[in-house]
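In my numbering, the protein residues as written are 49 to 254. Glycine residues also receive a C-beta, built at the ideal position from the N, C-alpha and C atoms. In this text the structure is predicted, and so the values were computed from the model without any measurement. Accompanying notes for the structure given below.
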Amino acid sequence: MQMKTFSSVVIATLTMVGMASAQPAKPATPATPAAPAAGAKVDAKAGAAAPMAAPTPPAEIKAMLKASAGNWKCTGSGMGPDMTMGPMKATMKSKADLDGFWIQEAFEGAMGKNKFKFTSFTTFDGSSKKWRRVMVDNMGGQAMGTSDGLKDGKVTFNMDVMGSGQTGMMKDTVDMTDPKLVKASGEMSMDKGKTWNKVYEMSCKK
């Protein structure tokens, strides 16, 4: 419904612009500004544009932070360098950042002797009604993607990932249907979505 409404507005706007362009233009006669009276004070601020209001963070970010902000401890399993799943422990700190426009998450995990960490920044784009995320890790990897938001108690981010000279796709899903803990899992594809492999799953508590 929102897309249909948006399309209707765009079409109507283009129609009005087209109609205005089709009308023969009449040369406008410039108005002659009235001269100030002798001895009158001239206000230097007169005619100046009003200052633009400072932008404010989207309400959706504040609502999300109520559930996600804080320190989390996670346990689960992840795929190691040998491409096999092994036990994993991690911590994550989630907070508002950059004047409340972004949610910053700092993640640190370990699988045996292998340690890794990443930082992600997530915001809400009001124009597209999507969540946007940027993530970088301590091994030169990066990921960027979007989510349509919470649906049936779950949030899924579809990400493009890059690192070590390779590119791939990733689905990050957070399941908040259990009031006692949050479950997270990730799947990755290296063949443009033809096949997917689970790369981690974990449960987190504050």
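Review point. From this set, Asp223, Asp185, Val182 and Arg181, which residue's C-alpha is nearest Lys199's C-alpha?
Key: Out of Asp223, Asp185, Val182 and Arg181, Asp223 has the C-alpha closest to the C-alpha of Lys199.
Practice item. Could you tell me if Met159 is buried or exposed, where buried requires 16 or more neighbouring beta carbons within 10 angstroms of its beta carbon? Key: With 16 or more other Cβ atoms within 10 Å, it is buried.
Check your understanding: Can you give the beta carbon distance from Met210 to Gly189, rounded, assuming they're within the 8 Å contact cut?
Key -> Contact flag correct, Cβ pair sits at about 7 Å.
Check your understanding: For Ala98, which of helix, strand or coil comes out of DSSP?
Key -> Ala98: coil per DSSP, three-state reduction.
Practice item. Look up Ala117 in the DSSP assignment and say whether it is helix, strand or coil. Key: DSSP places Ala117 in coil when its eight states are reduced to three.
Practice item. Can you have a look at Ala204 and say buried or exposed, based on whether 16 or more other CB atoms are within 10 angstroms of its CB? Key: Correcting the residue identity first, residue 204 is Thr in this sequence and not Ala. By the 10 Å Cβ count, Thr204 comes out buried.
Exercise for review: In angstroms with no decimal places, state the Cα-to-Cα distance between Lys228 and Val247.
Suggested key: Approximately 24 Å, taken between the alpha carbons.
Point to revise | Residue environment, Ser142, which counts as buried when at least 16 other CB atoms sit within 10 Å | key: The residue in question, Ser142, is buried, as its Cβ has 16 or more Cβ neighbours within 10 Å.
**Study point:** Local conformation of Met28 per DSSP, three classes
**Key:** The question about residue 28 has no answer, for the chain in this structure spans 49 to 254.
**Study point:** Endpoints, the beta strand (DSSP E) within which Trp244 is located
**Key:** Run containing Trp244: none; DSSP gives neither H nor E here.
Check your understanding: What's the C-alpha gap between Gln152 and Thr170?
Key -> Taking the straight line from one Cα to the other gives about 7 Å.
Check your understanding: With which residues is Gly189 paired in a DSSP beta bridge?
Key -> DSSP lists no partner for Gly189.
Review point. To the nearest angstrom, how far is it from the Cα of Glu235 to the Cα of Ala102?
Key: Spanning the alpha carbons of Glu235 and Ala102 requires a straight line of approximately 39 Å.
**Study point:** Expected contact under 8 Å - CB spacing of Ser168 and Met187 to nearest Å
**Key:** That pair is no contact at about 15 Å.
Check your understanding: How big is the Cα-Cα spacing for Glu249 and Glu156?
Key -> Our two residues, Glu249 and Glu156, have alpha carbons roughly 15 Å apart in a direct line.
Point to revise | Contact under 9 Å by Cβ, Thr243 with Ala232 | key: It is not a contact, given that the beta carbons lie outside the stated cut-off.
Review point. In the segment 154–208, which residue ranges form an unbroken beta strand (DSSP E) of at least 3 residues, counting only runs that do not cross its ends?
Key: You should have 162–173, 178–185 and 190–195.
Exercise for review: Select from Gly118, Gly124 and Met140 the residue whose C-alpha is nearest the C-alpha of Met133.
Suggested key: Residue Gly124 holds the alpha-carbon nearest to the alpha-carbon of Met133 among Gly118, Gly124 and Met140.
Exercise for review: In angstroms with no decimal places, state the Cα-to-Cα distance between Ala70 and Gly201.
Suggested key: Residue placement at Ala70 is flagged as unreliable, the pLDDT there being 34, under the threshold of 50; the coordinate-derived value follows with that caveat. About 51 Å.
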